[in-house]
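Visitor:
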């Protein structure tokens with residue numbers, strides 16, 4: 001495609017969240033005409049609504065994508081390095097487990113600030129425009145038409161050469177692709193919910209060691225805390241919904257924290273704990289898989305719209321950002337030809353995004369520090385020396401698998417279902433073998449191995 | 453609920469196909485105000501469009517549901533008993549395998565005639581009305597409002613106490629439930645497509661033995677033929693799409709049939725074969741699972757809308773009809789109380805509908821002649837004496853499972869995916885063990901065992 005062809009191509013990016021605004025930067029940099037349609041108002045002007053996680057872990061893949069559009073340094077400057085996990089035991093004992101070598105760390109980043117930076121970056125391109133307060137009503141990829149609803153509430157048709165759905169886990173673009181021939185799709189909610197709490201600054205400084213991802217692992221539930229630049233921490237409590245539902249009164253909550261997270265109570269503060277606990281109900285977590293990620297040369301899904309994953313790997317945003325980078329590399333390779341890039345993106349990227357989805361369910365964190373393709377990381381995960389040395393354990397697992405398989409087939413009312421639920425398998429193994437596969441405590445036995 | 457309460461309750465049934473019209477009969481019989489909204493015109497007046505299978509196998513479950521609304525005898529009178537499968541070997545040799553005892557048979561039924569009978573039956577109730585040419589645009593179960601579009605193309609809001617989605621595999625009602633909290637969903641297309649062909653009468657009579665379900669099993673593809681009352685047969689060819697795509701010319705098609713189904717060529721006729729083969733492209737087959745089947749006491753999914761299954765078990769319609777019967781039994785048990793019946797329907801029925809979905813993938817046919825709950829049938833399937841006697845085979849399977857499991861984990865780019873694909877497992881077992889689990893030839897080794 002020559003440069004005048006590129007300048008004539010209109011691309012509609014649906015969603016101006018993290019992935020949408022980053023991807024728009026990549027496309028604008030290539031001189032396409034880029035229009036972002038974002039349902040919310042401009043978060044740089046209006047106060048953003050609660051409901052999404054406040055901060056996120058930015059790691060290598062995400063940084064590489066930001067680097068490619070010249071934003072890495074700026075974003076990193078506003079992040080707080082986390083060089084290790086800090087495990088809080090029930091007794092209050094703390095032990096650090098580094099992510100890798102001394103020079104390796106992940107960054108705690110404010111979702112809101114990052115999104116603002118990305119929106120400002122995309123608006124610097126004269127060939128890009130962000131349409132805030134514009135909700136996608138309908139899209140017809142084969143016709144190259146989208147229908148959006150702005151403040152005037154009058155549906156407006158817009159023609160475009162490519163529609164990119166970056167509209168998140170509940171993507172409207174994807175619901176249109178779901179009706180296309182042979183589009184495979186699944187959405188599954190896990191039994192856990194999450195809730196955000198806050199640890200305020202203490203005497204003007206962080207109340208805990210700042211350069212750590214703090215973790216309180218407690219069997220089927222756990223709490224984590226990430227530092228913010230205002231010297232507070234945002235805590236996230238993960239727990240099965242049925243456990244949340246048992247905590248109905250202030251004293252239920254305080255008793256529960258006293259039992260499981262006693263050291264966190266003075267940090268959060270009793271009053272704030274009770275107030276925040278009942279501020280919002282626990283939020284659900286969805287895992288979405290689909291195939292393919294594209295429709296002909298007209299439509300593409302990226303980020304959570306293509307592969308919403310559970311957050312236990314801290315890779316949701318990073319995987320979405322890497323989508324943009326992978327697509328950009330394909331655009332180089334195929335000279336901006338959509339008819340080549342889109343199918344190749346599906347073919348190349350789906351195995352990796354499905355792999356990070358599975359890895360997230362398994363909650364290992366070996367792959368945080370490289371750009372090794374996720375699906376290769378899964379292979380490494382099995383092949384690494386440590387696992388081979390643990391051959392005896394694997395053999396035990398195998399016995400357990402076989403036993404489990406038979407047991408479930410004979411005993412369960414839904415014998416075949418279990419085969420398709422990785423999380424339950426993991427929990428089952430954990431219960432069976434005593435090996436805490438699903439708990440972050442397993443980190444102690446499996447320090448990260450694939451480092452760059 | 454007393455009788456005047458019942459008469460005041462409006463139920464909107466979306467879809468006037470087989471399950472929708474049957475379910476409307478059940479509800480109308482209970483004196484509810486029932487409105488069916490059907491997107492197509494009245495098939496008793498206009499010619500129906502092609503695209504759905506022409507005939508279907510009605511078996512015990514489906515008959516029990518028809519019996520409950522007094523339609524069994526009428527429908528059975530228009531069906532053609534099929535007392536056995538007739539296996540056509542490559543050499544043209546035919547061998548019959550009975551479904552059960554001499555008195556047991558399934559019925560070949562015309563979809564169109566059955567649908568007409570059910571529509572006529574529902575319209576006999578003064579408290580039921582069928583609105584043809586009315587497409588569902590939107591539904592808001594919590595508000596009890598549906599929006600339909602009639603011939604005048606003006607969206608019309610209708611209030612109702614219960615919305616029942618009987619709108620098939622691509623259900624619009626279900627797409628609205630998908631946005632509700634914690635609704636699990638998956639849709640998966642299998643690699644096979646299907647195509648319908650026809651064997652016309654010969655000298656005014658059936659060209660083959662009529663009281664059989666004719667089967668040409670051929671490894672990864674197969675053809676079946678069911679008799680019609682006009683003395684023709686409708687053939688269905690099942691084959692991977694990639695095989696269909698290889699047949700581009702008339703001579704490709706004739707060569708293919710000469711190679712694999714030589715005895716069918718004179719029956720179908722060369723000219724008709726080529727003409728019908730290229731009339732429509734091969735159709736895809738989708739398997740849909742979801743959970744739950746209801747939303748609060750406002751909305752319910754039934755039939756294909758709740759559980760579209762692949763057709764290899766001949767249980768799609770029968771499972772949908774049994775849904776209606778099960779719901780009716782719950783309405784008796786809970787005195788027509790929606791707030792009790794709906795959750796109980798999900799709790800009770802989902803394991804069975806997921807089981808028939810899995811069984812359909814596995815293509816066994818042991819459960820055709822009873823109303824044993826499907827999930828118990830799965831247990832039987834394993835526990836039956838024959839299988840126990842085949843302990844050695846199971847052991848081999850187990851070795852294969854373990855081997856497969858490891859092999860796939862280490863070799864496959866998507867190691868975890870396979871665990872969730874029953875069909876591939878079956879094919880893998882077949883290839884590994886030589887046991888044709890996926891072929892109807894396996895019937896010879898596993899004659900039906902659960903008979904009423």
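Protein chains in written order, with the numbering used here: chain A, 1 to 452; chain B, 453 to 904.
C-beta: ideal position from N, C-alpha, C; glycine also.
1) Any chance you could list the alpha helix (DSSP H) runs of at least 4 consecutive residues sitting entirely within the stretch 219-256 of chain A, in chain order?
2) As a quick exercise: from 136(A), 151(A), 176(A), 177(A), pick the residue whose alpha carbon is nearest that of residue 158(A).
3) Using only the alpha-carbon positions, how far apart do residue 224(A) and residue 344(A) sit?
4) For the candidate residues 511(B), 571(B), 542(B), 586(B), whose alpha-carbon lies nearest to that of residue 551(B)?
5) Which residues of chain B have a Cβ atom closer than 7 Å to the Cβ of residue 194(A), listed in chain order?
6) Taking one C-beta from the stretch 704-724 of chain B and one from the stretch 589-609 of chain B each time, how about it: are there three or more such pairs within less than 8 Å?
7) Relative to the C-alpha of residue 642(B), which candidate in 807(B), 760(B), 522(B) has its C-alpha closest?
8) My output table needs one value for residue 497(B): the three-state DSSP class, helix, strand or coil.
9) Tell me the DSSP bridge mates of residue 717(B)?
10) Please report how far the alpha carbon of residue 470(B) lies from the alpha carbon of residue 671(B), in whole angstroms.
11) In or out: residue 265(A) buried (at least 16 other Cβ within 10 Å) or exposed?
12) State the start and end residues of the unbroken beta strand (DSSP E) segment that holds residue 965(B).
13) Once you ignore the five residues that flank residue 682(B) on each side, which residues in its own chain have a CB closer than 8 Å to its CB?
14) Would you say residue 775(B) lies against chain A (beta-carbon separation less than 7 Å)?
15) Since residue 199(A) and residue 267(A) are thought to touch, with beta carbons under 8 Å apart, how far apart are those beta carbons, to the nearest angstrom?
16) Quick check: residue 37(A) and residue 176(A), are their CB atoms within less than 7 Å of each other?
17) Determine whether the Cβ of residue 182(A) lies closer than 7 Å to any Cβ atom of chain B.
18) Given a cut-off of 7 Å on the beta-carbon distance, is the pair residue 348(A) and residue 297(A) in contact?
19) Run down chain A in chain order and give the residues with a C-beta less than 8 Å from the C-beta of residue 639(B).
20) Can you find a CB in chain A that lies within less than 7 Å of the CB of residue 454(B)?
21) So residue 802(B) and residue 771(B) are in contact, right, with Cβ under 8 Å, and what is the actual spacing, rounded?
22) Hey, quick one: how far does the alpha helix (DSSP H) through residue 127(A) stretch, first residue to last?
23) State the Cα-Cα distance for the pair residue 568(B) and residue 586(B), rounded to the nearest angstrom.
24) I want to see whether chain A comes within less than 7 Å of residue 736(B), judged by CB atoms only; does it?
25) Would you please state the rounded distance, in angstroms, between the beta carbons of residue 616(B) and residue 463(B)? I believe it to be under 8 Å.
26) Anything in chain A within Cβ reach of residue 701(B), meaning under 7 Å, just list it in chain order.
27) Give, in chain order, every unbroken run of the beta strand (DSSP E) that is at least 3 residues long and sits entirely within the stretch 38-111 of chain A.
28) Sorted by chain position, which residues of the same chain lie with C-beta nearer than 8 Å to residue 786(B)'s C-beta, five sequence neighbours on each side aside?
29) By Cβ distance, which residues of its chain are closer than 7 Å to residue 580(B), with the 5 residues on each side in sequence left out?
30) Anything in chain A within Cβ reach of residue 622(B), meaning under 8 Å, just list it in chain order.
31) Going along the stretch 566-599 of chain B in order, which residues come within less than 9 Å of chain A, judged by CB to CB distance?
32) Report buried or exposed for residue 92(A), applying the criterion of at least 16 other Cβ atoms within 10 angstroms of its Cβ.
33) Nearest-angstrom Cα distance between residue 737(B) and residue 763(B)?
34) Would you mind giving the Cβ-Cβ distance between residue 665(B) and residue 537(B), rounded to the nearest angstrom? I have them listed as a contact below 8 Å.
35) Which chain A residues are close to residue 686(B), counting only those with a beta carbon under 7 Å from its beta carbon?
36) Note down, in chain order, all residues in the stretch 197-224 of chain A with a beta-carbon under 8 Å from any beta-carbon belonging to chain B.
Guide: On the basis of the coordinates in this document:
1) 241-244
2) 136(A)
3) 38 Å
4) 511(B)
5) Near residue 194(A) there are no residues of chain B at all, since even the closest Cβ is about 14 Å away, more than 7 Å.
6) no
7) 760(B)
8) coil
9) DSSP, once it has assigned bridges, lists no residue as partnering residue 717(B).
10) 32 Å
11) exposed
12) Given that chain B is displayed from residue 453 to residue 904, the structure contains no residue 965(B) and the question cannot be resolved.
13) 653
14) no
15) 5 Å
16) no
17) yes
18) no
19) 178, 183, 184, 185, 186
20) no
21) Rounded, the Cβ-Cβ distance is 12 Å, inconsistent with contact.
22) Careful: residue 127(A) lies outside any alpha helix (DSSP H) and carries neither H nor E.
23) 18 Å
24) yes
25) 6 Å
26) Result: empty, since nearest Cβ-Cβ is about 24 Å, beyond 7 Å.
27) 55-58, 80-82, 84-88, 94-98, 106-110
28) 792, 793, 796
29) 476, 480, 486, 574
30) 179
31) none
32) exposed
33) 8 Å
34) 5 Å
35) Within 7 Å Cβ-Cβ: nothing; residue 686(B) doesn't reach chain A, min ~23 Å.
36) none
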